[in-house]
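Per the UniProt record's numbering, the very first residue in the sequence shown carries number 1; after that it's consecutive.
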Amino acid sequence: MSQNEDPFIAVTVGGVKGSAPREVGAAMRVWADRQDGSIGGGALEFEAAKIARQMLHDDIAQARRIMPLGPDLGQCCGGAVTLDFIQDAVRVEPTQPPLWIWGAGHVGRAIAHVLAPLEDRQITLIDTTAERMPDVLPVTVAPLVAANPILAVPHAPDDTDHIILTYSHDLDLALCDALLRHGFASAGLIGSATKWARFRSRLASMGHTSAQISRIACPIGDPSLGKHPQAIAVSVAAALISASANGAVRHGIGERTG
1 MSQNEDPFIA VTVGGVKGSA PREVGAAMRV WADRQDGSIG GGALEFEAAK IARQMLHDDI
61 AQARRIMPLG PDLGQCCGGA VTLDFIQDAV RVEPTQPPLW IWGAGHVGRA IAHVLAPLED
121 RQITLIDTTA ERMPDVLPVT VAPLVAANPI LAVPHAPDDT DHIILTYSHD LDLALCDALL
181 RHGFASAGLI GSATKWARFR SRLASMGHTS AQISRIACPI GDPSLGKHPQ AIAVSVAAAL
241 ISASANGAVR HGIGERTG
């Protein structure tokens with residue numbers, strides 16, 4: 001079997017009490033002969049891997065363990081972590097930065113398809129009806145149908161990167177307003193400089209400061225690559241990949257006209 005078909009156990013930090021080496025959501029995968037990801041290293045990770053491999057041997061599908069982080073594990077943190085063990089779990093890398101793409105049109109689909117093979121982000125593609133969603137999506141892209149997308153904003157993690165490119169300028173504006181109130185890692189809006197000037201004025205009238213509004217990048221992408229959806233997708237993806245590779249604070253997704 002290939003690596004993707006080999007049975008594995010997903011080990012996820014489900015709870016933290018006191019001081020711990022990793023946050024809730026940190027995850028690793030354990031196969032019989034290898035592992036990836038990290039829940040903090042050291043004796044904790046060694047013990048977790050040992051438990052996971054025993055589960056594989058005994059064909060146990062799920063377990064939960066509370067692990068004190070004291071002298072018995074050679075840890076000086078002094079807290080405790082709850083570890084969830086699930087065999088062959090789906091989406092076992094919750095520490096990947098989330099990316100929400102608002103709009104499943106040509107550009108939104110293209111961005112999802114460009115980034116999905118990298119498997120380094122939790123990608124969510126949002127639109128208002130199932131009919132607007134593509135028939136086929138990469139397995140690493142989660143579709144979200146929301147008749148009123150504004151109601152989905154509170155469910156986005158605070159460290160999410162957002163790309164706004166819906167079919168409606170009114171919806172784009174409402175999303176900008178909602179995201180500014182909710183918080184985000186970065187946000188980019190497709191559109192022209194003229195559109196953004198109008199949006200800045202409207203957002204200011206809604207009570208947002210100039211500094212807050214400037215956190216949204218518009219236009220997005222590299223104009224030198226053209227306006228084809230695939231070209232926009234490549235340039236937006238390149239900006240996101242570059243920010244991640246450089247360990248930069250994610251703020252803005254580039255510039256684009258059109």
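Glycine included, every Cβ here is placed at the ideal spot set by N, Cα and C. Computed from a predicted structure; not experimentally measured.
Between which two residues does the beta strand (DSSP E) carrying residue i extend?
| i | result |
| --- | --- |
| R65 | Q62 to P68 |
| G42 | From DSSP, G42 is part of no beta strand (DSSP E) but of the alpha helix (DSSP H) over G42 to D58. |
| S19 | Counting along the chain, S19 falls outside any beta strand (DSSP E), and DSSP gives it neither H nor E. |
| V145 | V141 to V145 |
| I123 | Q122 to D127 |
Might you give, ordered along the chain, the residues of its own chain that have their beta carbon closer than 6 Å to the beta carbon of residue i, omitting 5 neighbours on each side?
| i | result |
| --- | --- |
| I241 | none |
| I213 | R200 and L203 |
| P138 | A116 |
| V81 | V13, V16, A20 and M67 |
| F184 | T160 and H162 |
| R215 | none |
| R91 | Residue confidence is low: R91 scores 43 on pLDDT, short of 50, so the model does not pin down where it sits. Its coordinate-derived value is still stated next. Same-chain partners within the cutoff: there are none. |
| L225 | A231 and S235 |
| R132 | A104 |
| L175 | W102 and I164 |
| A187 | H162, L179 and I216 |
Less than 8 Å between the CB atoms is what I'm expecting for residue i and residue j, so what's the real figure, rounded?
| i | j | result |
| --- | --- | --- |
| W102 | L173 | Actually they do not touch by this definition, with Cβ atoms about 12 Å apart. |
| L85 | I51 | It is worth fixing the name first, because residue 85 is Phe in this sequence and not Leu. Confirmed, Cβ separation roughly 6 Å. |
| residue 292 | T140 | An answer regarding residue 292 cannot be provided, because it is not within the stretch 1 to 258 covered by the chain. |
| A110 | I123 | The pair is not a contact, with the Cβ atoms about 12 Å apart (cut-off 8 Å). |
| Q87 | Q62 | 7 Å |
| G37 | R29 | 6 Å |
| P149 | L171 | 7 Å |
Per the DSSP calculation, residue i is bridged to which residue(s)?
| i | result |
| --- | --- |
| Q87 | I9 |
| H228 | Paired residue(s): none; H228 is not in a bridge. |
| M28 | V11 and G37 |
| P161 | First, the amino acid is wrong: residue 161 is Asp here, not Pro. Bridge partners of D161: L99 and S186. |
| G191 | Looking at the DSSP assignment, G191 forms no beta bridge with any residue, so it has no partner. |
| C216 | One detail in the question is off: residue 216 reads as Ile in this sequence, not Cys. For I216, which the question treats as bridged, DSSP gives the partners A187. |
| A197 | Partner(s): none; A197 has no beta bridge. |
| V81 | V16 and M67 |
Just the C-alpha distance for residue i and residue j, rounded to the nearest angstrom, thanks.
| i | j | result |
| --- | --- | --- |
| T129 | G14 | 33 Å |
| A104 | Q230 | 14 Å |
| R64 | P21 | 18 Å |
| P68 | A49 | 16 Å |
| R53 | D120 | 25 Å |
| V136 | A156 | 23 Å |
| Q96 | E45 | 19 Å |
| L180 | H208 | 8 Å |
| H106 | V114 | 12 Å |
| V11 | D58 | 16 Å |
| W100 | I60 | 34 Å |
| D6 | A26 | 22 Å |
| T194 | D158 | 29 Å |
| L83 | S244 | 27 Å |
| A43 | H182 | 38 Å |
| A238 | E47 | 39 Å |
| residue 272 | S192 | Since the first and last residues shown for the chain are 1 and 258, residue 272 lies out of range. |
CB-CB under 8 Å to residue i, same chain, minus the five flanking residues each way: which ones, in chain order?
| i | result |
| --- | --- |
| V24 | V13, G14, G15 and V16 |
| L118 | I241 |
| W196 | L189, C218 and P219 |
| M206 | D177 |
Beta-carbon within less than 7 Å of residue i's beta-carbon, same chain only, minus the 5 sequence neighbours each way: which residues are those?
| i | result |
| --- | --- |
| A146 | I126, T128 and A152 |
| A32 | R53 and L56 |
| P134 | A104 and R109 |
Considering just the uninterrupted stretch of the alpha helix (DSSP H) at residue i, what are its terminal residues?
| i | result |
| --- | --- |
| A155 | The question names Ala, but residue 155 in the sequence shown is His. Premise fails: H155 is in no alpha helix (DSSP H) and is neither H nor E. |
| L118 | Unbroken run through L118: none, as it is neither H nor E. |
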